[in-house]
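The listed protein sequences correspond, in order, to chains A and B. Residues 1 to 309, numbered by my numbering, are exactly what the first sequence covers, in order. Residues 310 to 618, numbered by my numbering, are exactly what the second sequence covers, in order. Read the structure below first, then the notes.
Number of protein chains: 2
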Amino acid sequence: MAIPHRIRGVLSPVLTPFNSDYSISEPRFVAHCRTLVDLDVGLAVFGTNSEANSLSVPEKRRLLDVLIDAGIPPARMMPGTGCCSISDSIELTRHAVGAGCAGVLMLPPFYYKGVGDEGLYRNFATIIEAVADPRLQVYLYHIPPVSQVGISYALIERLLKDFPGTVAGIKDSSGDWNNTLGMLEQFQPHGFDVFAGSEPFLLQTMRHGGAGCITATGNVNAAAIAHLHASWQAEDADSQQAALNAVRAAFQRLPMIPAMKAAIALQQDDPEWAVLRPPLVELTPDQARQLKEDLAALRFTPNAAVGAV
Amino acid sequence: MAIPHRIRGVLSPVLTPFNSDYSISEPRFVAHCRTLVDLDVGLAVFGTNSEANSLSVPEKRRLLDVLIDAGIPPARMMPGTGCCSISDSIELTRHAVGAGCAGVLMLPPFYYKGVGDEGLYRNFATIIEAVADPRLQVYLYHIPPVSQVGISYALIERLLKDFPGTVAGIKDSSGDWNNTLGMLEQFQPHGFDVFAGSEPFLLQTMRHGGAGCITATGNVNAAAIAHLHASWQAEDADSQQAALNAVRAAFQRLPMIPAMKAAIALQQDDPEWAVLRPPLVELTPDQARQLKEDLAALRFTPNAAVGAV
């Protein structure tokens, strides 16, 4: 079941460009977001690959305002608003809903480990009740390899029951296809939109009725990933998927966030694009050389139009 | 080597009391801090046991101001100011130094896992350079069981070399005595104050020249822990340590933060003291019953004076 007007397709946790003093480069951010939207990739700003947890709440509020002031449509945005502190999550979620964003992507609070579903339920329920806005569409963010705190099926079931129409879907970044498949079978029929957490699972997700994917590599391979989403029933879908996987592999064999920033820095001849906030660091010269070689071998240029070489 | 004027002894990551709507109860917080200071326990406000990562930056700034306005001496305070976002860490650290706090206790950024020492070094160095205040005393916070991101000896060595007089010590909550001992041997002689992360290691830490301990149970067993610190060379030190360990065990067999809040709620006949912010939850009725029995068997009353029963 697909609910009308809900955001679907391909989204990307948008990279956040910094200046060399670690301040945010708003012009680069706006330009990059515009590129992605033009290539039909939605903006999951403030995700893991955005270094979102390296940004403060005021920085995130401001970046959202800057995008909207630049005329980028909030209907294409699903900002990350789930923080460790429920007061931060409420503030950011309220701001995103007020700005007209299509939805919000919510990490569970991730400092305390081994917490139970009751505490996570209270976290999401308290945020939803505090924001108290019928426009709110909550997408849960399941990424146990990083957050170490996951979203169980039982938690989804309870939230869906208590907040129908508000709890709208999930990004599954478990890396475990069986987990995604289970969600597709159990929850997608109830209008709970399942997004794969990366594009290697995009075609399978679409074939099982899912909503699309929210993927890091959307930052650099936007057009091709969006094209597979748009044409997943075409005859060449499997070969499209294989081509996406090859590009993904070139980035994934290196630390991905630095690698994506390095690829854009290289393409735009703008070394400052490669800056990361601590605790992340840029690629080593050896890694940068390897990336350059791998991408050349694939004839890959970041965010070229489909069919361009 | 002990540097004059540095804070030493027993500190506690002060519990943060909430009202039942999860707002902060400032009157309970001030009263609890006053009790601890009166019992000679310093205030490591905004630690793990403070649910600090469930508080926003503005909430933490305000709580610090509230304490100081209440006349509680900042020389007894070591607030936690290490956040995932370097901009938050800089803001909180600057605020704490400006308020005259004895030091700050800094978690490494803890969202990204598997980060290297270079990125962690840049995090701490950037904060220290941005705050740029000779009064700043940084205590590193090593708690890998929760943060999953730790502080290596190599990182301490590099920070000590580059920021002598500013990088002042560590709270070792690894739970691994050999790790604490190594730090005591390698770094304490250079004026780097090693605090055990809990009082079961207090006597050993003092016997190896350490600075004291920063311990959760300081919230409920303040006088007795402070007494051992003050009299660690006394003949009864080992039996004092054994008595502390028995109380610790009663709390540690349950989820500790809820158990400490429940003990205070019980003693003060104030059920609201037991409220926790999500994702943490209060003790179950069975757990609460067990705690009551265990503490009764030990004739334990939270924060009674030493010798009182």
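We put the beta carbon where it would ideally sit given N, CA and C, even for glycine. Values in this document were obtained by computation on a predicted structure and should not be read as measured data.
Practice item. Please compile the residues from chain A whose C-beta is within a distance smaller than 8 Å of the C-beta of L364/B. Key: S85 and S87
**Study point:** For S56/A and I436/B, the rounded distance between their alpha carbons
**Key:** 14 Å
**Study point:** Buried versus exposed call for I329/B [16 or more other C-beta atoms within 10 Å across all chains shown]
**Key:** The residue asked about is misnamed: residue 329/B is Ser in this sequence, not Ile. Per the 10 Å Cβ criterion, exposed.
Practice item. Name, please, each residue of chain A whose Cβ falls closer than 8 Å to the Cβ of L429/B. Key: Near L429/B (Cβ distances below 8 Å), the residues of chain A are P278 and P279.
Review point. What does F419/B reach in chain A if we use C-beta pairs closer than 7 Å?
Key: The CB of F419/B comes closer than 7 Å to the CB of Y111 in chain A, given here in chain order.
Exercise for review: Please name the residue or residues paired with L11/A in a DSSP beta bridge.
Suggested key: G42/A and I214/A
Check your understanding: Would a check of beta-carbon distances place E438/B closer than 8 Å to chain A?
Key -> no
Practice item. Below 8 Å on the Cβ atoms is my guess for L511/B versus L493/B; work out the distance and round it to an integer in Å. Key: 13 Å between Cβ atoms; not a contact.
Check your understanding: Would a check of beta-carbon distances place N663/B closer than 8 Å to chain A?
Key -> Outside the modelled stretch of chain B, which goes from 310 to 618, sits residue 663/B, for which no answer is possible.
Review point. How big is the Cα-Cα spacing for F46/A and P611/B?
Key: 43 Å
Exercise for review: Report back the beta-carbon spacing between I143/A and I170/A to the nearest angstrom; my notes put them in contact at under 8 Å.
Suggested key: Not really, about 10 Å apart at Cβ, beyond 8 Å.
Exercise for review: May I ask which residues mark the beginning and end of the alpha helix (DSSP H) holding Y153/A?
Suggested key: Y153 to D162
Check your understanding: Mind pulling the alpha helix (DSSP H) runs of 4 or more residues that sit fully within the segment 58-141 of chain A?
Key -> 86-98 and 117-131
Check your understanding: With respect to the beta strand (DSSP E) encompassing I479/B, which residues constitute its N-terminal and C-terminal limits?
Key -> V476 to D481
**Study point:** Residues from the segment 140-165 of chain A in contact with chain E, defined by Cβ distance under 9 Å
**Key:** Annotation note: the requested chain E is absent from the structure, which comprises protein chains A and B.
Practice item. Report yes or no: is there a C-beta of chain A within less than 8 Å of the C-beta of E581/B? Key: no
**Study point:** Which listed residue (P4/A, P27/A and L11/A) has its alpha carbon closest to that of W384/A
**Key:** Outside the displayed span of chain A (1 to 309) sits residue 384/A, for which this structure offers no information.
Check your understanding: With respect to the alpha helix (DSSP H) encompassing V455/B, which residues constitute its N-terminal and C-terminal limits?
Key -> P453 to S456
Practice item. Could you run through the segment 343-361 of chain B and flag, in chain order, every residue whose CB is less than 7 Å away from some CB of chain A? Key: none
Review point. At a Cβ cut of 9 Å, what residues of the segment 504-536 of chain B count as close to chain A, listed as they run along the chain?
Key: none
Check your understanding: Are the Cβ atoms of F338/B and L372/B separated by less than 8 Å?
Key -> yes
Review point. From the DSSP output, which residues share a beta bridge with D502/B?
Key: G478/B
Check your understanding: Three or more beta-carbon pairs under 8 Å between the segment 430-444 of chain B and the segment 464-475 of chain B, yes or no?
Key -> Yes, they touch.
Check your understanding: For Q550/B, which residues of its own chain have a beta-carbon under 6 Å away from its beta-carbon, when the five flanking residues on both sides are left out?
Key -> L512
Check your understanding: If you draw a straight line from the C-alpha of R586/B to the C-alpha of Y331/B, how long is it?
Key -> 6 Å
Review point. Along chain A, which residues have their Cβ under 9 Å away from the Cβ of G425/B?
Key: P279 and V281
Check your understanding: Any idea what DSSP makes of I566/B, helix, strand or coil?
Key -> helix
Review point. Rounded to a whole number of angstroms, what is the C-alpha to C-alpha distance between L11/A and T593/B?
Key: Annotation: L11/A to T593/B spans about 41 Å, alpha carbon to alpha carbon.
Check your understanding: So what does I333/B bridge to, in DSSP terms?
Key -> F327/B
Check your understanding: Can you name, in chain order, every residue of its own chain whose Cβ lies under 6 Å from the Cβ of G521/B, other than the five neighbours on each side?
Key -> R317, G318, V319, F504 and H538
Review point. Since G80/A contacts A44/A with CB under 8 Å, what's their CB separation in whole angstroms?
Key: 7 Å
Point to revise | Assigned secondary structure, H517/B (DSSP; H/G/I helix, E/B strand, else coil) | key: Three-state result, H517/B: coil.
Review point. Where does F300/A fall in DSSP's three states?
Key: coil
Practice item. Note down, in chain order, every chain B residue with its Cβ under 8 Å from the Cβ of T126/A. Key: Y331 and P587
Check your understanding: Given a limit of 9 Å on CB to CB distance, which residues of the segment 57-72 of chain A reach chain B?
Key -> Result list: V57, P58 and E59.
**Study point:** Residues near F163/A by beta carbon distance below 7 Å, same chain, minus five either side
**Key:** I128
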